[in-house]
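Position one of the sequence shown corresponds to residue 592 (the numbering used here), numbered consecutively onward.
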Amino acid sequence: MLAALPIAEPDPLWALISSFRQDRRTDKIDLVVGVYRDASGQTPVMQAVQDAEASLAAAAASKSYRALSGNPVFNDGMSRLLLGEGAEALNRQCTIQTVGGTGALRILADFIALVSPHATVWNTNPGYVNHRPIMTAAGLAVRAFRWQENEAGLDLVAVVADLGEARQGDVVLLHGCCHNPSGIDPTPEQWRLLAKLCKDKGLIPLIDMAYQGFGDGIGEDAAGLRHFAQKFDTVLVAASCSKNMGLYCERTGAAMVIAPDRDPLANIRATLERITRANYSMPPEHGAAIAAHLFENPGMWLAELEASRRRVAEIRCTLADALAGCGAPDKFQALRRQKGMFSLLPLDQRQMNRLREDFGVYGTANGRINIAGLLPRDVERLADALRAVSSSPSFVRAAKASA
Ligand SMILES: Cc1ncc(COP(=O)(O)O)c(C=O)c1O
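Written out as structure tokens, the structure reads:
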């Protein structure tokens, strides 16, 4: 059997993380790992989470199996966080707890494959590196539609052109906020246009909400999703608590299916539970119990999340100022406007290699950097390194070729 095992390349992101760890330079800068870091470079356990854990430990009664769809208080809190208190769609949705946002995506992919096996999933390009593998692992066809216009912003003309080829019943995978990797989010007007486009073509929205609270605010970041929920009979939502609660390793997320009305909800729940049952049976309790506690006592959590959001927004501006100050090309100024933890640098793979080899700055080969990994003391040095590599011959050639 093992003789037939195909060679699997190591995951390129984890390979990069491993070479960062082995790099002996003391001034190296890690902009690869997709986690929030505070100004001292730590990925802290939020105080609100520590308090929740303390009270959970004090109250722990049993580790017996929980429900197939996870913690009901968590599921209820997630649906309200995503759709907003009092939203009409709360009455026609089913939410189950999943193993992180990734688990939510996979459960929904299996759900789509069951209900609509011939649907194509339309994925943004550039896009989140794991979306395509998750969808194809469930047997679904995936096609890409263009998202980013150079460094500037959303390329709506290209979106309309590419989705023009989508067929009725196809699924459009949108990032709820803080697009990974570009940081380019639709404006409210663009969300409305996207909704109209999908509706006119009979497409099903699948919205991946992995960074709620890291863009413009916890409610603001859900505005696009909430608009879709108002306008559509059917919406699929994958949500993660990894970033906005800092629960990365606790693997805490949720999958939501919004239906036209209440009638199919029991069957949707039973179907989702069948899918999880054949997979991991039920999700782990700890992260969801913490999140449920935060939903019941949100004050400190929301304040800590807001502080993290502000740090990311501020470090974007500080970096953009430093880039302007050192004479780097104007293209880099788009970093200032983009949202959330990630941006794509206007650099090609050779320049990213040079950034790593000559300056000890680690981003992914496609130019993605995690802004939240940048410490205030490294801003000037990063700006100088970016200016240096962007004036290298390959950049000038690339700029001319695209002009
Ligand atoms: C766009 C997007 N979706 C989903 C995920 C997965 O989140 P989780 O770590 O909760 O599985 C990530 C994580 O980086 C992400 O960036």
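We put the CB at the ideal spot given by N, CA and C, even for glycine.
| Item | Value |
| --- | --- |
| Given this structure, state the Cα-to-Cα distance separating P601 from R842, to the nearest angstrom. | 22 Å |
| Tell me whether L935 is buried or exposed, calling it buried when 16 or more other Cβ atoms sit within 10 Å of its Cβ. | buried |
| Could you give the uninterrupted runs of the beta strand (DSSP E) lying entirely in the segment 868-953, keeping only those of 3 residues or more? | 933-935 |
| Which residue's Cα is closest to the Cα of A919: R902, E905, L938? | L938 |
| With DSSP as the reference, label R616 as helix, strand or coil. | coil |
| Helix, strand or coil for C685, going by three-state DSSP, please let me know. | strand |
| Whole alpha helix (DSSP H) runs in the segment 629-702 with 4 or more residues, listed along the chain? | 638-650, 663-674 |
| Taking C-alpha atoms, which residue in E971, G954, S831, V970 lies nearest to P772? | G954 |
| So what's K991 in DSSP terms, helix, strand or just coil? | For K991, the predicted model reports a pLDDT of 37, less than 50, meaning its position is unreliable; a value from the coordinates is still stated below. K991 falls in the helix class under three-state DSSP. |
| From V733 to N662, what distance separates their C-alpha atoms? | 32 Å |
| Going by alpha carbons, who is nearest to R901 out of G808, L910, V828? | G808 |
| Just the C-alpha distance for E864 and A728, rounded to the nearest angstrom, thanks. | 19 Å |
| Count Cβ pairs between the segment 890-907 and the segment 652-669 that sit closer than 8 Å; are there 3 or more? | no |
| Short of 7 Å in beta carbon distance, which residues of its chain neighbour A678, apart from the five on each side in sequence? Order them along the chain. | R817, A820 |
| Measuring only the C-alpha atoms, how far is P603 from A956? | 9 Å |
| What is the DSSP secondary structure of N771, reduced to helix, strand or coil? | coil |
| May I ask you to verify whether the segment 869-880 touches the segment 719-728, counting CB pairs closer than 8 Å and requiring at least 3? | no |
| Going by other Cβ atoms of all chains shown within 10 Å of its Cβ, with 16 needed for buried, is D596 buried or exposed? | First, the residue type needs correcting, since residue 596 is Leu and not Asp in the sequence shown. With fewer than 16 other Cβ atoms within 10 Å, it is exposed. |
| Start and end of the beta strand (DSSP E) containing L827? | 826-831 |
| Apart from the five residues just before and just after F736, which ones in its own chain have a Cβ nearer than 7 Å to its Cβ? | W713, T715, N716, V750, D753, L754 |
| Return yes when the Cβ of P777 is within less than 7 Å of the Cβ of V826, no when it is not. | no |
| Who are the near neighbours of G668 in its chain, counting only those whose CB is closer than 7 Å to its CB and skipping five residues on each side? | A882, A883, F886 |
| Cutting at 6 Å between CB atoms, please list the residues of its own chain near R853, excluding the five before and the five after it. | R683 |
| Is it the case that the Cβ atoms of L622 and N944 are separated by a distance below 7 Å? | no |
| Please say whether G806 and K930 have beta carbons closer to each other than 7 Å? | yes |
| Within 10 angstroms of its Cβ, does C908 collect 16 or more other Cβ (buried), or is it exposed? | exposed |
| Kindly identify the DSSP beta-bridge partner or partners of H766. | D799 |
| Output the distance between the C-alpha atoms of G844 and L838, rounded to the nearest integer angstrom. | 9 Å |
| Return the Cβ separation of R628 and A879 in integer angstroms, given the expectation that the two are a contact with Cβ distance under 8 Å. | Contact flag wrong, Cβ pair sits at about 25 Å. |
| Identify every residue that forms a DSSP beta bridge with I849. | Q684, V826 |
| Quick check: the Cα distance between A599 and S707, rounded to an integer number of angstroms? | 30 Å |
| For M637, collect the residues of the same chain with a Cβ closer than 6 Å to its Cβ; drop the 5 residues on either side in sequence, then sort them by chain order. | G837, E895 |
| Does the Cβ of A801 lie closer than 6 Å to at least one heavy atom of ligand 1? | yes |
| Going by alpha carbons, who is nearest to P889 out of V903, M726, D642, G692? | D642 |
| Tell me which residues share the same chain as R868 and place their Cβ nearer than 7 Å to its Cβ, disregarding the 5 neighbours each side in the sequence. | L659 |
| With DSSP collapsed to three states, give me the class of F736. | strand |
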